[in-house]
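Going down the list, the sequences are from chains A and B. Note that our numbering has the first sequence beginning at 363, numbered continuously upward. Note that our numbering has the second sequence beginning at 30, numbered continuously upward. Note that the Cβ used here is the ideal one computed from N, Cα and C, for glycine as well. First up is the structure itself, then whatever we jot down about it.
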Amino acid sequence: EAGVAQSPRYKIIEKRQSVAFWCNPISGHATLYWYQQILGQGPKLLIQFQNNGVVDDSQLPKDRFSAERLKGVDSTLKIQPAKLEDSAVYLCASSYTSGGFYNEQFFGPGTRLTVL
Amino acid sequence: SQQGEEDPQALSIQEGENATMNCSYKTSINNLQWYRQNSGRGLVHLILIRSNEREKHSGRLRVTLDTSKKSSSLLITASRAADTASYFCATSLIQGAQKLVFGQGTRLTINP
């Protein structure tokens with residue numbers, strides 16, 4: 363089966379600019395996640411969708427970050443305006459939920475963002 | 030704050046040796062998962078162990094879970110150069126939606 367697709371793979375922007383990332387999860391996976399991974403650290407969950415509804419966005423900096431999953435399939439994550447500390451790899455993941463039990467998450471290749 | 034903390038932060042061993050990584054966490058969990066990350070294949074799920082399980086095997090991987098000590102260990106037997114990667118434990122909390130909290134990871138280097 364096709365994996366989680368993300369684009370772009372790399373992005374370099376100036377601080378205060380805007381940037382958007384796209385993710386297409388594995389077909390049939392209702393749950394979609396966006397993570398931020400700063401160099402040398404583990405991934406940190408930014409937002410979790412179940413179909414097109416937000417389940418958890420407690421760690422999303424809502425003053426500058428936004429995400430949507432309008433049709434319950436692909437998703438976009440936007441940063442506006444970007445700060446230097448937003449430099450990181452942004453990972454998208456999806457999982458299949460069955461009978462109320464969550465399973466393993468499948469990760470995309472990530473987008474490496476550099477803010478200058 | 031981090032839920033999972035891996036130990037050691039870095040580990041370097043010879044090919045063929047066994048590698049053991051540990052993970053400690055703070056609050057009660059639904060399950061604990063181990064992931065591997067390298068530049069070639071990104072972040073990949075290795076194994077999931079539920080809170081009512083004590084040990085699980087998958088190929089050369091063995092995972093243990095001690096909920097009384099809030100700790101888990103990952104053993105990789107007969108290591109290979111291809112096992113060189115960062116390994117993360119991720120905990121899924123009991124309350125709320127499936128939210129994985131990742132630790133800082135253990136950087137494993139297998140020397141030929």
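Below-8 Å beta-carbon distance, residue i vs any chain B residue
i	result
Phe469 of chain A	yes
Leu453 of chain A	yes
Asp419 of chain A	no
Glu466 of chain A	yes
Gly472 of chain A	yes
Chain A contact for residue i (CB, 8 Å cutoff)
i	result
Ser30 of chain B	Unreliable placement is indicated for Ser30 of chain B, whose pLDDT of 45 sits below 50; the coordinate value is still reported in the next sentence. No, its Cβ sits nowhere closer than 8 Å to a Cβ of chain A.
Lys128 of chain B	yes
His74 of chain B	yes
Gln43 of chain B	no
Among the options, the one whose alpha carbon lies nearest that of residue i
i	options	result
Phe469 of chain A	B:Ala111, B:Ser41 and B:Leu72	B:Leu72
Lys99 of chain B	B:Ser121, B:Gly134, B:Arg65 and B:Gly45	B:Ser121
Thr473 of chain A	A:Ser457, A:Gly434 and A:Pro405	A:Pro405
Gly390 of chain A	A:Ile375, A:Gln412, A:Ser369 and A:Lys377	A:Gln412
Arg70 of chain B	B:Gln38, B:Ser115 and B:Gly134	B:Ser115
Val417 of chain A	A:Asn386, A:Leu394, A:Ser369 and A:Phe427	A:Leu394
Test: residue i CB closer than 8 Å to a CB of chain E
i	result
Gly134 of chain B	Checking the listed chains, one finds no chain E in this structure; the protein chains it contains are A and B.
Pair within 8 Å by beta-carbon distance, residue i and residue j
i	j	result
Ile76 of chain B	Ser108 of chain B	no
Ile105 of chain B	Asn47 of chain B	yes
Glu466 of chain A	His86 of chain B	no
Leu129 of chain B	Met50 of chain B	no
* Asked: Looking at C-beta atoms only, is the number of pairs between the segment 385-400 of chain A and the segment 49-64 of chain B that lie closer than 8 Å three or more?
  -> no
* Asked: For the segment 427-457 of chain A, which residues have a beta carbon sitting closer than 9 Å to at least one beta carbon of chain B?
  -> Leu453, Ala455 and Ser457
* Interfacial residues, the segment 394-406 of chain A to chain B, with Cβ spacing under 9 Å -> Tyr395, Tyr397, Gln399, Gly402, Gln403, Gly404, Pro405 and Lys406
* Kindly confirm or deny that the segment 433-444 of chain A and the segment 86-99 of chain B touch, where touching means at least three C-beta pairs closer than 8 Å. => Between the segment 433-444 of chain A and the segment 86-99 of chain B, the count of Cβ pairs shorter than 8 Å is below three; the stretches do not touch.
* Check distances from the C-beta atoms of the segment 77-101 of chain B to those of chain A and list, in chain order, the residues that come in under 8 Å. => Leu77
* Is there contact here, the segment 32-39 of chain B with the segment 375-391 of chain A, by at least three beta-carbon pairs under 8 Å? -> no
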